[in-house]
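Under the working numbering, the residues of the sequence shown are numbered 2 to 346, in order. Everything below concerns the one structure shown next.
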Amino acid sequence: MATGTHQNQSSSIWTWTGDYLQLGVGFDSNIATHCQCVVQVPGILFHPLAPTIVPVQTDEGRNTATWSIPDAQLKEVLKSAWEELDPKSAEFLGNIGIIPFLEKTSLPYENLAGDKCLYVKDLPQNVNITKKGAEDNIDCYLCEKSLKLKDMRKHVGKHLLLALRDVEDPAPLRPGVVVKDIIDACGWCGRDGCQTHLIKKGSSISITSNCPYHYQKLSYKRALQSSQASPCTNVPIHCPICPPSLTGQPKSFWKYNALYHLASHHLTPEGLFPTVPPQLLVEIYITSKEEASVGICQSKTDEFRDFWDIPDTDGFEIIQENERNKRGRLDSTLVVQRPPKISRS
């Protein structure tokens, strides 16, 4: 499908030109590979058409036949297909990512006016954002500092973690900015409202986002490891409690937003946290070393863990070891009973 403003809507019949769509896979040699010849498309993206066979005459004057499809039918199918992607939901960016990429912007159909595209109107905002490069200098939305895109996630992570632990931020924040009041902060820019999704396919990991500060070349596995030079481990992670999205992928949330996600999506009728799978606890755990690297003292770390009944380092390592040895056994669970706070204030 194409996006834009359609200039001619007068023709009511579309006919097949005899051409075929070319997938967005390059051919670097004369040998065809499996990935060049096969594309996997979720069944939910398939929509039936009811074409008819009509006679046509080629440019050489030869009589032949082709497929004909009413304009109204194509537009109805386009509308239905677009709605299946749930464009108003938070999962839209992940959903649209399952559409196969095509090198051409036209269809192998045309109407009497010569049009070769069908258009989706009223696209959601921030769909066609031009992403910045790793070395581009950008301004932090939370403080007055300017730094490279590749370093912004780590920088923003420090602001967010200090606010989570109720530790004063040494950086001069922008006028009116109160970081602890940003409930569901984006890990790229620190603001609320951005959509970011983690996609795992086998050993392949990718991240889609409509945030203008999305760092497309982030090494996910490296970002999971806290170090002195790069302490921040705030990355998108999957929620095993949420139902899968249209793509079959679990919903995503930023690691530092774990408590907010559980509180806003998974509270029990009694207002308590749900049963939390140990693997999720391992993924959202923030070490004392990481917190100390951004200026959080041990007493603040202990205070936070005591309040939320979070295991200390020794307890966490036991859970981690149990997860490694869990092959072939049933998952155990951890139940958190303390009612959560919705805001960070």
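Where is the CB? At the ideal position from N, CA and C, for every residue including glycine. For clarity, every value in this text was computed on a predicted model and none was experimentally measured.
Query	Result
Considering only residues of the same chain and omitting the five flanking positions on each side of P125, which have a CB-CB separation below 6 Å?	P88
What are the complete beta strand (DSSP E) segments, minimum 3 residues, inside the stretch 123-200?	138-140 and 147-149
Starting from V1, follow the alpha helix (DSSP H) in both directions and report where the run begins and ends.	In the structure displayed, the chain extends from 2 to 346; residue 1 sits before or after that span and is not available.
Quick one: residues in its chain with C-beta nearer than 7 Å to the C-beta of V42, no 5 flanking neighbours on either side, listed in chain order?	P101
Are L281 and P237 close, meaning C-beta to C-beta below 8 Å?	no
Using only the alpha-carbon positions, how far apart do S13 and D185 sit?	47 Å
Per DSSP, which residues does W68 bridge with? Please list them.	I54
Would a C-beta distance cut-off of 8 Å place L150 and R175 closer than the cut-off?	no
Using a Cβ-Cβ cutoff of less than 6 Å, which residues in the same chain neighbour I200 once the five nearest sequence positions on both sides are dropped?	S207 and Q250
How about Y216 and R154: are their beta carbons less than 8 Å apart?	yes
Near I183, which residues of its chain fall below 6 Å by C-beta distance, leaving aside the five closest residues on each side in sequence?	D193
Buried or exposed: where does C212 fall if 16 or more other Cβ atoms within 10 Å of its Cβ makes it buried?	buried
With burial defined as no fewer than 16 other Cβ atoms inside 10 Å of the residue's Cβ, what is the status of N113: buried or exposed?	Reading off the sequence shown, one finds Leu at residue 113, where the question assumed Asn. Result: exposed.
Please state whether DSSP places L86 in a helix, a strand or coil.	coil
Hey, how far is the Cα of S90 from the Cα of S210?	13 Å
Verify whether the separation of the beta carbon atoms of P232 and V295 is less than 8 Å.	yes
Are I311 and L162 touching if we call contact CB-CB under 8 Å?	no
Is the separation between the beta-carbon of S68 and that of I54 shorter than 8 Å?	A small fix is needed here, since residue 68 is Trp in this sequence, not Ser. Contact: yes.
Cα-Cα, which of Q299, D152, D303 and E145 is closest to G134?	D152
Suppose you measure from the CA of S265 to the CA of Q23; what does that come to, to the nearest Å?	44 Å
In three-state terms, what does DSSP make of H262?	helix
Express the C-alpha separation of K146 and D29 in angstroms, rounding to a whole number.	Confidence is the limiting factor: at D29 the pLDDT is only 49, short of 50, which leaves the residue's position unreliable, though a coordinate-based value still follows. Taking the straight line from one Cα to the other gives about 44 Å.
Apart from the five residues on each side of it in sequence, which residues of its chain come closer than 7 Å, Cβ to Cβ, to C195?	C187, W189, S210, N211 and C212
Where do the ends of the beta strand (DSSP E) carrying N112 lie?	Y110 to N112
Starting from I1 and walking both ways along the beta strand (DSSP E), at which residues does that stretch end?	The first residue shown for the chain is 2 and the last is 346, placing residue 1 beyond what the model contains.
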